[in-house]
Each structure stands twice: as C-alpha cells, then as structure tokens.
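In order, the protein sequences belong to chains A and B. Residues 1 to 140 in this note's numbering are what the first sequence lists, from first letter to last. Residues 1001 to 1140 in this note's numbering are what the second sequence lists, from first letter to last. Some notes on the structure that comes next.
2 protein chains.
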Amino acid sequence: MKKQIPVISSFPVGNELPQQFSQFFIGQAYLAPLTSNADLNCPVSNVTFEPGCRNNWHSHTGGQLLICVGGRGYYQEKGKPARQLMAGDVVEIAHNVVHWHGAAPDSWFSHLAIATNPQTNVNSWLDPVDDAQYKQATSK
Amino acid sequence: MKKQIPVISSFPVGNELPQQFSQFFIGQAYLAPLTSNADLNCPVSNVTFEPGCRNNWHSHTGGQLLICVGGRGYYQEKGKPARQLMAGDVVEIAHNVVHWHGAAPDSWFSHLAIATNPQTNVNSWLDPVDDAQYKQATSK
C-alpha cells in the first residue's frame, strides 16, 4: 500500500519501484514513466524518494540527466562532497561516473531522470550508501 | 530590456531568444540552456513565452520532447485540435511532425525543450501561426 505521499511537484508519482530497481535502493521510491516513443531515444521518468531514501552507488555507460522538480535531495560523485538539490536544479552525469542520488533525511524529493544514450547504455550497480556515508554526505 | 516576467517555475528564464530563433516566433520568448555536456546527446533548455507568443509551424527530423513546468500554453499538430498544456504535462513530438507551441493568450508559459536525436536532427521552419489560426486553436 502506498504511504501518504505529499504533493511536491506537478508530475505524477506513479507506483512503487519494481524489484529490478528497488533491490538497489535503501528506503521506498516511486517511478512514473512519462514517455513512450522509443524513436526519440530519450526516456523520461519521474522518480520520487521518501525521506532518507537513496540508491546504491552506480554508474551508466551512457550517462544520465536529473531534472529536479520538487522537495530536497542530494547527489554525490565518488570522492567528492555531496551536492544539495532543489527544484530547478539539473545534474549532468557523465559516462561511467560512480554516484548516488536520493532524498534528504527530512524531506521527500522528486527528480525527472533521463536515460541518455539509451541505445547502448548499461547500468552498473555497486555497494549501498550505508548509514554512516549517508549521514556524512547529508549533514553539511 | 527584459519585460517584467512573473516567476512561474523553479527554472531560470535566461535571455531573449537569439535572432536565429526569434525570426520564427511571434511575440517575445526567452531561452535558458540548462545543460552543456554534449556527450549526453540530450540538450535541455527552458523556453518561456510571454502571453500570446508562439513559434511558427515547424518540424524536427529527430523529434522533440516538451516538459511543461509553469503557466499555461498550447501545442498543436497540423490537422489536429490544439492541446492545452499545464505544468506536469509532457509532449512527445515524433520525427517530422509539423506542429507549433506557445503560450495561452492570457498566460505566460514555460516548458523545458529537449532536442532529441541531436546528432542528426534538422529543424524545418514553416509559416507563422497567424492571428486567426492562433485564436481558433486557443479558444476551445
């Protein structure tokens, strides 16, 4: 059953992440695909994270774009400080850069996610962002 | 000089459209590029239209995606009724489909525009949407 999800953007929230993705997340996230024309090579989905929810360290051979549309979250690349994200922020994730993204500890967060270069993209999922890493990243 | 532009989204408004684009618009529009990594093949810009502003009939060989983020606007494909657009709406424009987009007569409008398949895309600009066509499209 869906938790009570606050309205933080104009975009649909969709359904709980399917297991193929949720196995790589800590906490609950929701996925709403927003496009269907495969010829455009630009699949867009809205991803909504409950407070504290984040995905594992991972990378994309084709890169990824995040367009923040509501709430407050974080993005961190391996070896760098985390970047706080608010509606209106855009994150360009280059090919093969190891990173994670998710909500702040005390806020829901939604971003549109665009799988760039989907014709050849492969995702590599790595270790979870454990509580100590998450606390350090989000406490600044 | 910029007109007084209301805040209708969290995204930057940018500057007046350069002449290479504005020659194909009726009314004033503003352009804010939001990305710069060409390897992602997914250039995203925020386009803001003043009330009554619209672009000419046109098409893209690589298609286009519109992600509506504020205000109220319209999208019309040749031979079809216009579709009213609000924040949260997404428009998938297939390859070579002749269309126009712009603001409502009485509202500012912002959408993110994604040039899909930019490696090969070519835009074809056609006739302006004259006042009679615009009035008919936006009066329903």
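For glycine and all other residues, C-beta sits at the position ideal for the given N, C-alpha and C.
Can you find a C-beta in chain B that's less than 8 angstroms from the C-beta of residue i?
i        : result
A/Glu92  : yes
A/His95  : yes
A/Leu34  : yes
A/Val7   : no
A/Val129 : no
Does residue i come out as helix, strand or coil in the three-state DSSP assignment?
i         : result
A/Phe21   : helix
B/Gln1084 : strand
A/Gln64   : strand
List the residues of chain B that residue i touches, going by C-beta distances under 7 angstroms, in chain order.
i       : result
A/Phe11 : Gly1088
Quick test of your reading: residue i and residue j, contact by CB under 8 angstroms. State the CB separation rounded to the nearest angstrom.
i         : j         : result
B/Glu1101 : B/Leu1066 : First, the amino acid is wrong: residue 1101 of chain B is His here, not Glu. Confirmed, about 6 angstroms.
B/Val1090 : B/Glu1077 : The pair is not a contact, with the Cβ atoms about 15 angstroms apart (cut-off 8 angstroms).
A/Thr116  : B/Cys1042 : 5 angstroms
A/His111  : A/Cys68   : 5 angstroms
B/Ile1093 : B/Gly1063 : 5 angstroms
A/Asp96   : A/Ser45   : It is worth fixing the name first, because residue 96 of chain A is Asn in this sequence and not Asp. Not confirmed; about 21 angstroms, so no contact.
B/Trp1108 : B/Gly1071 : 4 angstroms
B/Ala1032 : B/Val1013 : 6 angstroms
Are the C-beta of residue i and some C-beta of chain A separated by less than 8 angstroms?
i         : result
B/Leu1153 : Examination of residue 1153 of chain B is not possible in this model, given that chain B is present from 1001 through 1140 alone.
B/Asn1146 : Residue 1146 of chain B lies beyond the residue range present for chain B, which begins at 1001 and ends at 1140; the question has no answer from this structure.
B/Val1098 : no
B/Asn1037 : yes
B/Val1044 : yes
Starting from residue i, find everything on chain B with Cβ-Cβ shorter than 9 angstroms and list it in chain order.
i       : result
A/Leu40 : Gly1062, Gly1063, Gln1064, Leu1065, Glu1092, Ile1093, Ala1094, His1095, Ile1114, Thr1116, Asn1117
query = Which runs of the beta strand (DSSP E) fall wholly inside the region 1029 to 1057 of chain B and span at least 3 residues, in chain order?
reply = 1029 to 1033, 1044 to 1049
key: In chain order, each beta strand (DSSP E) run of at least 3 residues that lies wholly inside the region 1070 to 1118 of chain B   = Correct list: 1083 to 1086, 1090 to 1093, 1099 to 1103, 1109 to 1115.
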